[in-house]
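Residue numbers (the working numbering): 4 to 264.
Glycine included, each C-beta is placed from N, C-alpha and C at the ideal position.
Just so we're clear, the structure is a prediction, and the values are computed from it rather than from any experiment.
All remarks here apply to the structure that follows.
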């Protein structure tokens with residue numbers, strides 16, 4: 004089972020066009036998919052779900068669409084707050100949330116505070132987010148610490164960069180899903196998704212529901228995750244792990260056994 008599922012929710016507008024509906028209808032129907040996928044992840048035992056909700060590039064869309072999306076965000080967060088609380092879902096955000104309208108920030112902050120104690124599922128909304136923005140922000144912090152004499156060049160490693168990203172409280176995603184059929188990352192989790200298994204589906208986001216998530220998880224479970232190793236190395240590692248565990252268990256049992264009189 005993947006520990007962290009990340010999803011690029013693409014295709015709301017195209018789904019609406021296919022249905023001869025306004026783009027706003029596609030966004031509203033997309034909210035239903037968010038609810039369904041969140042509930043399905045909680046039921047499956049997936050502890051982390053991250054949704055690419057609004058990118059920094061999305062600010063370039065027409066004002067009417069941006070305003071409609073922000074209004075929908077406020078209404079949805081307010082409406083779903085109690086449901087999240089009852090279902091054990093913790094809400095958090097990643098991204099430059101200072102760019103969001105004050106009403107959005109207020110609803111998000113209140114819901115994050117109310118659900119902070121929930122541990123069944125952490126739902127992260129990537130809002131006004133891009134992977135490059137996050138990496139640049141981390142680089143500025145590294146430069147600031149170096150300028151102040153708090154950081155030497157040899158102190159800069161992958162762990163430090165990861166700690167300075169807005170995703171530092173999350174494990175790296177295991178499974179990255181993109182709906183809508185496009186074959187690109189669109190500036191999403193560029194650092195964190197280095198070893199994520201990627202699955203692209205032609206289904207637009209409003210048509211992606213729990214049945215499609217189940218299919219994606221099954222495909223993930225069938226894949227051979229190598230993390231840069233060749234198949235022989237991966238097989239050897241998998242065979243060695245049970246042997247090491249068995250040896251450790253035997254050693255522990257011997258230590259626990261009382262000495263003969």
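- In the DSSP annotation of this structure, residue 79 is not part of any beta strand (DSSP E); the continuous alpha helix (DSSP H) holding it starts and ends at 66-89.
- The Cβ atoms of residue 209 and residue 29 lie closer than 7 Å to each other.
- Ranked by Cα distance from residue 125, the first of 221, 40, 201 is 40.
- Distance from the CA of residue 82 to the CA of residue 116, rounded to the nearest whole angstrom, comes to 15 Å.
- Runs of the beta strand (DSSP E) spanning 3 or more residues and lying entirely within the segment 5-67 occur at 7-11, 51-58, in chain order.
- Nearest neighbour of residue 178 by Cα position, chosen from 50, 157, 139, turns out to be 50.
- In the three-state DSSP reduction, residue 132 falls in the strand class (E or B).
- In the DSSP assignment, residue 114 falls outside any beta strand (DSSP E) and lies within the alpha helix (DSSP H) extending over 105-117.
- Of the candidates 226, 225, 220, the residue whose Cα lies closest to the Cα of residue 8 is 220.
- About 5 Å separates the beta carbon of residue 87 from that of residue 118, a gap short enough to meet the 8 Å contact definition.
- With a beta-carbon spacing of about 23 Å, residue 97 and residue 71 fall beyond the 8 Å limit used to define contacts.
- Residue state for residue 161 is assigned as helix, using DSSP reduced to three classes.
- Rounded to whole angstroms, the separation of the alpha carbons of residue 93 and residue 120 is 7 Å.
- Remark: C-beta atoms of residue 76 and residue 44 do not approach each other more closely than 7 Å.
- Within the segment 165-213, the beta strand (DSSP E) runs of at least 3 residues that lie entirely inside it are, in chain order, 178-181, 200-203.
- Between the C-alpha atoms of residue 140 and residue 168 there is a straight-line separation of about 8 Å.
- Contact check for residue 36 and residue 189: beta-carbon distance about 18 Å, past the 8 Å limit, so the pair fails to qualify.
- In this structure, the beta-carbon distance from residue 48 to residue 183 does not fall below 7 Å.
- For the pair residue 53 and residue 84, the CB atoms are not nearer than the 7 Å cut-off.
- One thing to note: residue 186 has its Cβ no nearer than 7 Å to the Cβ of residue 159.
- Within 10 angstroms of the beta-carbon of residue 196 lie 16 or more other beta-carbons, which makes it buried.
- Contact between residue 228 and residue 215 fails: their C-beta atoms lie close to 21 Å from each other, not under 8 Å.
- Residue 131 sits close to residue 102, with the two beta carbons spaced by under 7 Å.
- Nearest to residue 90 by alpha-carbon distance, out of 122, 62, 193, 20, is 122.
- Here residue 218 is exposed. Its C-beta has fewer than 16 other C-beta atoms within 10 Å.
- Following the DSSP letters along the chain, one finds residue 93 inside the beta strand (DSSP E) bounded by residues 92-97.
- If you ignore the 5 residues before and after residue 64, its C-beta comes within less than 7 Å of no other C-beta in its own chain.
- Taken atom to atom, the span from the alpha-carbon of residue 62 to that of residue 105 is near 16 Å.
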